[in-house]
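Inspection log for the structure reproduced underneath, given as structure tokens.
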Amino acid sequence: MQLWSHKAKQDALNQSDEERRQQPSLREMLDNKFKETESDHKDSSGPIPIILCGKTEAIGRGVIEGLKPEYEVIHFITTSASGALIIPALLTSSPPPQHPDTSTIGSGNYASPPRVIVLGGAFDEEAVKSLQNAVVEQGVAAASRKVPWLRHDGSKAAPPPGPEYGKAMVARVREKLGLLEGEGKLDGGYGGDEWY
């Protein structure tokens, strides 16, 4: 052991001052490693934040639970009137304004903007256009990232409203979200309508 420490001491003494300045210190190496790990963790982990629009909180709760842990419903919208105020704010990472129809079953975690808006069957063509127009009218489209509008396809068979309906919607939404993620459409550059 003495030979090893003696050799290390000799190597350190033989290094020029210039060589020592070019090599990072142990503290610098550890600090850099911590920063790399921290940024990797932020980029690659955590659920994808989404907005969910649906008529009833009872079904919404089941859908929210069914989408976990990969997806986090940050806000649940029950009416197009509340959505027209709340969605534009959330797309710019602002807290949602108060509205009489505000639901509290979403996570309320607004640290990251939503990456997709999922609309239940109660949100028909007129309601969806109302929401999309609100985003455009409030100038949010230019000031925020784009998000896909994931819409319910009423032509596909589904159980009547109730627990089974919620489970069927979760399966369809999960499948479509997986495809969109694989195609890179949840990264802020795509804002089209998609159907599940």
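Here UniProt numbering is used: the first residue of the sequence shown is 1, the next is one more, and so on. Every residue, glycine too, gets a C-beta built ideally from N, C-alpha and C.
In chain order, what residues of the same chain have a beta carbon less than 7 Å from the beta carbon of P88, not counting five sequence neighbours either side? Start at 1 with the first residue of the sequence shown, and residue 88 comes out as number 88. Cβ neighbours of P88 beyond the five flanking positions: A134, V135, Q138 and V140.
Nearest candidate by alpha-carbon position, reference G46, set K167, L91, S103 and E70: Working through the sequence shown from its first residue, we reach residue 46 at position 46. Comparing Cα-Cα distances from G46 to each of K167, L91, S103 and E70, the minimum goes to E70.
Check this for me: beta carbons of Y190 and D153, under 8 Å apart or not? Residue 190 sits at position 190 when you count from the first residue of the sequence shown. Residue 153 sits at position 153 when you count from the first residue of the sequence shown. Contact flag unset, no.
For S82, count neighbouring C-beta atoms within 10 Å of its own C-beta (all shown protein chains included) and say buried if the count is 16 or more, exposed if not. Indexing the sequence shown from 1 puts residue 82 at position 82. Classification of S82: buried, given that the 10 Å Cβ count is 16 or more.
How many angstroms separate the CA atom of I77 from the CA atom of G188? Looking up residue 77 in the sequence shown gives position 77. Looking up residue 188 in the sequence shown gives position 188. Cα-Cα distance, rounded: 21 Å.
In the DSSP assignment, find the beta strand (DSSP E) that holds V116 and state where it starts and stops. Reading the sequence shown from its first residue, position 116 is the one you call residue 116. Counting along the chain, the beta strand (DSSP E) containing V116 begins and ends at V116 to L119.
Decide if K68 is buried, meaning its Cβ has at least 16 other Cβ atoms within 10 Å, or exposed. Along the sequence shown, read from residue 1 onward, the residue named residue 68 stands at position 68. Answer is exposed; the Cβ neighbour count stays below 16.
Any idea which residues DSSP pairs L180 with across the strands? Along the sequence shown, read from residue 1 onward, the residue named residue 180 stands at position 180. DSSP, once it has assigned bridges, lists no residue as partnering L180.
Could you check which residue in L91, P49, A58 and A122 has the C-alpha nearest to that of G162? The residue given as residue 162 occupies position 162 in the sequence shown. Cα-wise, what sits closest to G162 is A58.
What number of angstroms, rounded off, separates the C-alpha of E36 from the C-alpha of R151? Position 36 of the sequence shown, counted from the start, is the residue given in the question as residue 36. Position 151 of the sequence shown, counted from the start, is the residue given in the question as residue 151. Confidence in E36 is poor, its pLDDT being 44 and thus under 50, which makes the residue's placement too unreliable to answer from.
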